[in-house]
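Student: Quick one: the structure is below, questions incoming.
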Amino acid sequence: MNKVNRHVALFLCDLEKPRSFSEQEKNYTIKVFTFQFFTHFSSLIYIAFFLGRINGRPGSYVRVAGKWRLEECHPSGCITDLFIQMAVIMILKQTLSNLVEYLLPWITYKCRLLCKKPPRINMEQMSQDLCKEEWLWNYRLNEVNAFTLFDEYMEMSK
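Here the sequence shown stands for residues 1 to 158, where the numbers follow full-length UniProt numbering.
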């Protein structure tokens, strides 16, 4: 979902046609922050403030399309649901994002190494192209775009 948020934010920033890169970066930061805030915490806000509040009362329940009753909390309250949702967000999501953060670059690096192996050359050709090996090594590194540093800051804030 983060990638979708970033693509939508970038698309909206391109529609605004900012005059400078810093203005575009500021607009992009605000949009990504807003999208990610609502993506990450909308379930908590729903459970804490809306779940079970608009159900109606016994004998006069609010129904969707005249058939289905809205979701309710346990009679003791929604604190258990809120706790479970917070545990999922704070523990499970963090663990999975850390695994992806560490494993995905390593796997892509290894795949790039296997797919783009340079051919063997003799010593005479190697002495002619001293810089070529460095260039090939740098080519295999992770891609960098205009918002790479911003993405690193966003990863630290997770």
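For every residue, glycine included, the Cβ atom is placed at its ideal position computed from N, Cα and C.
Can at least three beta-carbon pairs, one atom from the segment 19-37 and one from the segment 2-9, be found at a separation below 8 Å?
Tutor: Yes, since at least three Cβ pairs between the segment 19-37 and the segment 2-9 fall closer than 8 Å, the two stretches touch.
Student: Against chain B, does Glu-155 count as a neighbour if the rule is that its beta carbon must be under 7 Å from one of theirs?
Tutor: The structure shown contains no chain B, having only a single protein chain.
Student: Can you give the Cα-Cα distance for Arg-63 and Leu-51, rounded to whole angstroms?
Tutor: Within the sequence shown, numbered from 1, the residue matching residue 63 stands at position 63. Within the sequence shown, numbered from 1, the residue matching residue 51 stands at position 51. Whole-angstrom Cα-Cα distance: 14 Å.
Student: Excluding the five sequence neighbours on either side, which residues of its own chain have a C-beta within less than 7 Å of the C-beta of Ile-54, listed in chain order?
Tutor: For the purposes of this step, residue 54 is taken as the residue at position 54 of the sequence shown. Within the same chain, Ile-54 has close Cβ partners Val-62, Leu-70.
Student: Using the beta-carbon count (16 or more within 10 Å), is Ile-47 buried or exposed?
Tutor: Your numbering for residue 47 matches position 47 in the sequence shown. Answer is buried; the Cβ neighbour count reaches 16.
Student: Please state whether the Cβ-Cβ distance between Asn-2 and Cys-13 is less than 7 Å.
Tutor: Taking the sequence shown and counting its residues from 1, one reaches residue 2 at position 2. Taking the sequence shown and counting its residues from 1, one reaches residue 13 at position 13. Against a cut-off of 7 Å, the Cβ pair of Cys-13 and Asn-2 comes out as no contact.
Student: Please specify which runs of the alpha helix (DSSP H), each continuous and at least 4 residues long, are wholly inside the UniProt domain "Anoctamin transmembrane" (1-156), giving them in chain order.
Tutor: Runs of the alpha helix (DSSP H) inside the UniProt domain "Anoctamin transmembrane" (1-156): 2-16, 21-45, 79-87, 93-115, 123-128, 130-139.
Student: Measuring straight from C-alpha to C-alpha, what distance separates residue 182 and Lys-93?
Tutor: With the chain covering only 1 through 158, there is no way to say anything about residue 182.
Student: Excluding the 5 residues flanking Gln-24 on each side, which residues of the same chain have their C-beta closer than 6 Å to its C-beta?
Tutor: Position 24 of the sequence shown, counted from the first residue, corresponds to residue 24. Cβ within range, chain order: Cys-13, Pro-18.
Student: How many Å lie between Ile-84 and Phe-37 at the Cα?
Tutor: Counted from its first residue, the sequence shown places residue 84 at position 84. Counted from its first residue, the sequence shown places residue 37 at position 37. Computed Cα separation, rounded: 19 Å.
Student: I need the straight-line Cα distance from Trp-135 to Leu-141, nearest angstrom please.
Tutor: For this step, residue 135 is matched to residue 135 along the sequence shown. For this step, residue 141 is matched to residue 141 along the sequence shown. If I take the Cα positions, the gap works out to 10 Å.
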